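Numbering (the numbering used here), first residue to last: 1292 to 1409. The beta carbon of each residue, even a glycine, is placed where N, CA and C say it ideally should be. Small disclaimer: the values here were computed from a predicted structure and weren't measured. Down below is the structure, laid out as C-alpha cells.
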C-alpha cells in the first residue's frame, strides 16, 4: 500500500482523478467513491490470500468460503464508509481552511481512532 501511495503521489494520479477546484462540484463525490473502489480492488487479492487461503492452508477447514465472504463484505462496507467519510472530512477542511485545515482533519481523525480503538 505504501509503494502504491508513493507511486500515486509521484505520478500525480490523485490530481487527475479528483477535481482541482477550491469549490464543490458535482464530480467530488463520484471521484471519492472511485478512489474507494480502487482501494477495494487493490485489497481484494491481499484479503483473499491472507484471510482465506493462508489460514486454510496452515489449519485445514478453518473457515468456509461463504463465512469468509460474509465477514469480508461486512468489513469492506464498514471500512469503505469510514474511508469515504474521512476523505470527505479532509477534503472539506482542506477547501475551507487550506492545508492547515487538512492537517487538522488528519490529526483529529488519528486522535479519534486511537481514542476509540477498543
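Minimum Cα-Cα distance from residue 1322 among the listed residues 1390, 1334, 1339, 1374 corresponds to 1374. Nearest Cα to residue 1404 within the set 1377, 1392, 1391: 1377. Of all C-beta pairs linking the segment 1383 to 1396 to the segment 1357 to 1367, fewer than three are shorter than 8 Å, placing the two stretches out of contact. Straight across, the Cα-Cα distance linking residue 1293 with residue 1332 is about 16 Å. Leaving aside the five residues that flank residue 1330 on each side, none in its chain has a CB nearer than 6 Å to its CB. Collapsing the DSSP output to three states places residue 1354 in coil. Residue 1292 sits in coil when the DSSP states are folded into three classes, being neither helix nor strand. When rounded, the separation of the alpha-carbon atoms in residue 1346 and residue 1335 is 16 Å. Collapsing the DSSP output to three states places residue 1409 in coil. At a Cβ-Cβ threshold of 8 Å, residue 1342 and residue 1363 count as neighbours.
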